[in-house]
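Student: Those letters in the sequence shown? Residues 0 to 451, per numbering that gives the first Met the number 0, in order.
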Amino acid sequence: MGIFKLYKNTFKNGIHPPENKDITQGLPIRQFPFSPILIIPMSQHIGSPAEIIVREGQEVERGQILAKASSYVSVPIHSPVSGTVRKISMVPTISGNKIEGIQLEAFPYSGQEVAEGKPIRLETATSDEILKGIQDCGIVGLGGAAFPTHVKLKVPDGKTCEYLIINGIECEPYLTTDHRVMLEQAEDIFMGIRYLMKATGAIQTVIGIEANKQDAADHLNKLKPNDIPATIQVVPVKYPQGSEKMLITAVLGKEVPSGGLPIDVNVVTVNVATTAEIGRLLPHGRGIQERVITIAGPAIKKPGNYLIPVGTPLRFVLDYVGIQDDIAEVYMGGPMMGVSVSNLDISITKGTSGILVFGNKDVKKEEKVYPCIKCGACVDACPISLNPSKLGILAKFESYDRMVENFNLMDCFECGSCSYVCPSHIPLVQYFRLSKARYKRRKSLKQNLNNA
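#1: Measuring alpha carbon to alpha carbon, tell me which of Ile-262, Lys-244 and Gly-143 ends up nearest Thr-159.
#2: Between the C-alpha atoms of Ile-51 and Met-41, what's the straight-line distance to the nearest angstrom?
#3: Could you check whether Gly-296 and Leu-355 sit closer than 7 Å to each other, using their CB atoms as the reference points?
#4: Can you name the residues that DSSP bridges to Phe-357?
#5: Would Gln-184 count as contacting chain B if we go by Cβ distances under 7 Å?
#6: Below 8 Å, can you find three or more Cβ-Cβ pairs linking the stretch 281-300 to the stretch 313-331?
#7: Which residues does DSSP pair with Leu-306 in a beta bridge?
#8: So what does DSSP say about Met-0, is it helix, strand or coil?
#9: Using a threshold of 7 Å, state whether the C-beta atoms of Val-267 and Thr-199 are closer than that.
#10: In this structure, does DSSP put Leu-103 in helix, strand or coil?
#11: Using beta-carbon positions only, say whether Ala-216 and Val-236 come within less than 7 Å of one another.
#12: Pick out whichever of Leu-313, Lys-367 and Glu-413 has its Cα sitting closest to the Cα of Ser-242.
#13: Quick check on DSSP: helix, strand or coil for His-475?
#14: If you draw a straight line from the C-alpha of Ser-109 to the C-alpha of Arg-193, how long is it?
#15: Can you find the residues in the same chain that come closer than 7 Å, C-beta to C-beta, to Thr-348, ignoring five residues on each side of it along the sequence?
#16: Pop quiz: Val-80 and Gln-57 are said to be a contact at Cβ under 8 Å. What is the actual Cβ separation, rounded to whole angstroms?
#17: Just to confirm, is the Cβ distance from Phe-315 to Ser-88 under 7 Å?
#18: Which runs of the beta strand (DSSP E) at least 3 residues long sit entirely within the stretch 143-190? Give them in chain order.
#19: On the three-state DSSP scale, how would you describe Lys-367?
#20: Tell me whether His-149 is buried or exposed, calling it buried when 16 or more other Cβ atoms sit within 10 Å of its Cβ.
#21: Find the nearest neighbour of Val-403 within the set Tyr-438, Lys-221 and Tyr-238, judged by alpha-carbon distance.
#22: Under the DSSP definition of a beta bridge, which residues are partnered with Pro-312?
#23: So the candidates are Arg-401, Val-368, Phe-396 and Cys-411; which of them puts its Cα closest to the Cα of Ala-380?
#24: How is Pro-17 classed by DSSP in three states: helix, strand or coil?
#25: What first and last residue would you give for the alpha helix (DSSP H) that runs through Ala-66?
#26: On the criterion of 16 or more Cβ atoms from any shown chain inside 10 Å, does Ala-436 qualify as buried, or is it exposed?
#27: Can you list, in chain order, the residues of its chain whose CB lies under 6 Å from that of Lys-471, leaving out five sequence neighbours each side?
#28: Per DSSP, which residues does Ala-229 bridge with? Please list them.
#29: Specify the secondary structure class of Asn-407 as computed by DSSP and reduced to three states.
#30: For Gly-486, which option in Leu-385, Val-368, Glu-366 and Lys-367 has the closest C-alpha, if you only look at C-alpha atoms?
#31: Check the C-beta distance from Tyr-369 over to Ser-418 and give it rounded, since I have them as a contact under 8 Å.
#32: Mapping the DSSP letters down to three states, classify Leu-37 as helix, strand or coil.
#33: Using C-beta distances below 8 Å, list every residue in its chain close to Arg-401, excluding the 5 sequence neighbours before and after it, in chain order.
#34: Please work out which residues of its chain come closer than 6 Å, Cβ to Cβ, to Gln-102, disregarding the five sequence neighbours upstream and downstream, and give them in chain order.
#35: In this structure, how does DSSP classify Glu-397 when only helix, strand and coil are distinguished?
#36: Give me, in chain order, the residues of the same chain whose beta-carbon lies closer than 7 Å to that of Val-255; leave out the 5 immediate sequence neighbours on both sides.
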């Protein structure tokens, strides 16, 4: 059996928002019904959009490739249903932009069996073959970032991976997807770890779990195979413990340098649901066509953890689970780092970890924003020891270069802790998100002018 610890270390600062996980954490994963029509955007991950290889009117099988990877930082998209390509057109996305997408009409009487692909055999596959298999299966980070997993796992020349950290923290309020995956898909998780250790060359695995998921820690510890060198470390409940840099500090005592990556301290981190998908899909060479999503919030009639086909329209999801109040706010993801939805015509993507719905009585009226009183609450909350107060002032003056060069703006991962604690209700994280985007745009324009 693996070593099992209650690990008391954690990162500095952080906050403790209400968890609100009690309703869904005990609900098993349930299969969601297939929508008659599915809308599949070609950009479902960081990097280049997938390139469509089917045509209108073509019949496709569930699991068949609809769009191929268009570059190294890209993954293919597989059909979530057996059906017909009804239309190829521009489709709405959560960002508010429209991108190329496929409208599928599901066969109404199909058993929806999944097409088999080319299995990746753990015993004989090389590291590069495993990485290629992960790409071919369309796997991206399922914790919310949706970064192509094969790219994240590639250890650069001159670097080594000593530790593989499996991230089972799930610190966002309401979300219980990872919790249920750990309780229900332990075998897939451990198979995924085998693939990941071989792909990265890691010699030790650490599974990090927050103390509010003790049942999951006990379950994994009980089922851990003897051939996997792994420890399970239970860490204190604190937000944003699930950020990879915070988790590395908590379980290993290592600090990723400013502007650096986990591999700079010989670590690779992977979300636990992503790990389970690797263990589930690679032995069969199947593509990812569905994912587990927590549907919760005070306005939801049937909250739960559902296995939902990618491309399922949000309206279809909400109609099925039922709404018991006028909708005031819908989030995809968690309430801290998720995105507020303004268009219910968008669809589920690989990166959708949660759907939260709040009614009119659940949403506070917009708070009046007051000037900064220099109380320091945001500084005490910031998990990476930035100075949000100073950064907020510089953002007002559009001093983006100073924010980046003197105050490490680009290290901010937009956890929202500063905004959460601000007594003046200053939307600091929104300031920083906008400032980073404008800084990148200005930098790009300067480079283009210099190259002209």
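Don't be surprised by glycine CBs; every beta carbon is placed ideally from N, CA and C.
Tutor: Reading from the atomic positions:
#1: Here residue 159 corresponds to residue number 160 of the sequence shown, with the count starting at 1. Taking each of Ile-262, Lys-244 and Gly-143 in turn and checking the Cα distance to Thr-159, the smallest one comes out for Ile-262.
#2: Here the question's residue 51 lines up with position 52 in the sequence shown. Here the question's residue 41 lines up with position 42 in the sequence shown. Each residue's Cα considered, the two are about 8 Å apart.
#3: On the sequence shown, position 356 is the one that residue 355 refers to. On the sequence shown, position 297 is the one that residue 296 refers to. With respect to the 7 Å criterion, Leu-355 and Gly-296 are classified as neighbours on the basis of their beta carbons.
#4: As a first step, residue 357 must be located in the sequence shown, where it is residue number 358. Partner(s): Glu-328.
#5: Of the protein chains in this structure there is only one, and it is not chain B.
#6: With a cut-off of 8 Å, the stretch 313-331 and the stretch 281-300 count as touching, because enough Cβ pairs lie within range.
#7: What you label residue 306 is simply residue 307 of the sequence shown in a count that begins at 1. As DSSP reads the structure, Leu-306 sits in a beta bridge with Gln-30 and Val-291.
#8: Numbered from its first residue, the sequence shown carries residue 0 at position 1. At Met-0, the pLDDT of 36 sits below 50, so the modelled position is not reliable; the number obtained from the coordinates is stated separately. DSSP places Met-0 in coil when its eight states are reduced to three.
#9: In the sequence shown, counting from the first residue as 1, residue 267 sits at position 268. In the sequence shown, counting from the first residue as 1, residue 199 sits at position 200. Between Val-267 and Thr-199, the C-beta spacing is below 7 Å.
#10: Stepping through the sequence shown from its first residue, residue 103 is reached at position 104. Residue state, collapsed to three classes: strand.
#11: The residue you call residue 216 lines up with position 217 of the sequence shown. The residue you call residue 236 lines up with position 237 of the sequence shown. It is not a contact, given that the beta carbons lie outside the stated cut-off.
#12: To locate residue 242, count along the sequence shown from 1; it is residue 243. Residue Glu-413 is the option with its Cα nearest to Ser-242.
#13: For the chain, the structure presents residues 0 to 451; residue 475 sits outside this window and is missing.
#14: As a first step, residue 109 is located in the sequence shown; it is residue number 110 there, counting from the start. As a first step, residue 193 is located in the sequence shown; it is residue number 194 there, counting from the start. CA-to-CA, the gap between Ser-109 and Arg-193 works out to about 35 Å.
#15: Along the sequence shown, read from residue 1 onward, the residue named residue 348 stands at position 349. Excluding sequence neighbours, Thr-348 sits near Pro-40, Gln-43 and Val-309.
#16: In the sequence shown, residue 80 corresponds to position 81, counting from 1. In the sequence shown, residue 57 corresponds to position 58, counting from 1. That belief does not hold up - the Cβ atoms of Val-80 and Gln-57 are roughly 13 Å apart, past 8 Å.
#17: Residue numbering aside, residue 315 sits at position 316 when the sequence shown is read from its first letter. Residue numbering aside, residue 88 sits at position 89 when the sequence shown is read from its first letter. Going by C-beta atoms, Phe-315 is not nearer than 7 Å to Ser-88.
#18: Listed in chain order, they are 162-167.
#19: In the sequence shown, the residue the question calls residue 367 occupies position 368. Residue state, collapsed to three classes: coil.
#20: Here residue 149 refers to the residue found at position 150 when the sequence shown is read from its first residue. Buried.
#21: Locating residue 403 in the sequence shown gives position 404, where the first residue counts as 1. Ranking the options by Cα distance to Val-403, first place goes to Tyr-438.
#22: Along the sequence shown, read from residue 1 onward, the residue named residue 312 stands at position 313. The partner list for Pro-312 (beta bridge, DSSP) reads Ser-346.
#23: Position 381 of the sequence shown holds residue 380. Relative to Ala-380, the option among Arg-401, Val-368, Phe-396 and Cys-411 whose CA is nearest is Cys-411.
#24: Numbered from 1 along the sequence shown, position 18 holds the residue referred to as residue 17. The answer is coil: DSSP assigns Pro-17 none of H, G, I, E or B.
#25: Taking the first residue of the sequence shown as 1, we reach residue 66 at position 67. For Ala-66, there is no enclosing alpha helix (DSSP H); the enclosing beta strand (DSSP E) has its first and last residue at 64-67.
#26: What you label residue 436 is simply residue 437 of the sequence shown in a count that begins at 1. Exposed: under 16 other Cβ atoms inside 10 Å.
#27: Outside the shown range of the chain (0 to 451) lies residue 471, about which nothing can therefore be said.
#28: In the sequence shown, residue 229 corresponds to position 230, counting from 1. Ala-229 is bridged to Thr-204.
#29: As a working note, residue 407 is residue 408 in the sequence shown. DSSP places Asn-407 in coil when its eight states are reduced to three.
#30: Outside the displayed span of the chain (0 to 451) sits residue 486, for which this structure offers no information.
#31: Here residue 369 is taken as the residue at index 370 of the sequence shown, counted from 1. Here residue 418 is taken as the residue at index 419 of the sequence shown, counted from 1. Contact between Tyr-369 and Ser-418 is ruled out by a C-beta separation of about 14 Å, above the 8 Å threshold.
#32: Residue 37 sits at position 38 when you count from the first residue of the sequence shown. In this structure, Leu-37 counts as strand in the three-state DSSP scheme.
#33: Within the sequence shown, numbered from 1, the residue matching residue 401 stands at position 402. So the qualifying residues of the chain are Leu-393.
#34: Residue numbering aside, residue 102 sits at position 103 when the sequence shown is read from its first letter. Within the same chain, Gln-102 has close Cβ partners Ile-38, Arg-85 and Lys-86.
#35: In the sequence shown, the residue the question calls residue 397 occupies position 398. Glu-397 carries a coil assignment under DSSP once its states are collapsed to helix, strand and coil.
#36: To locate residue 255, count along the sequence shown from 1; it is residue 256. Excluding positions up to five away in sequence, the list reads Lys-244, Ile-247, Pro-261, Asp-263 and Val-264.
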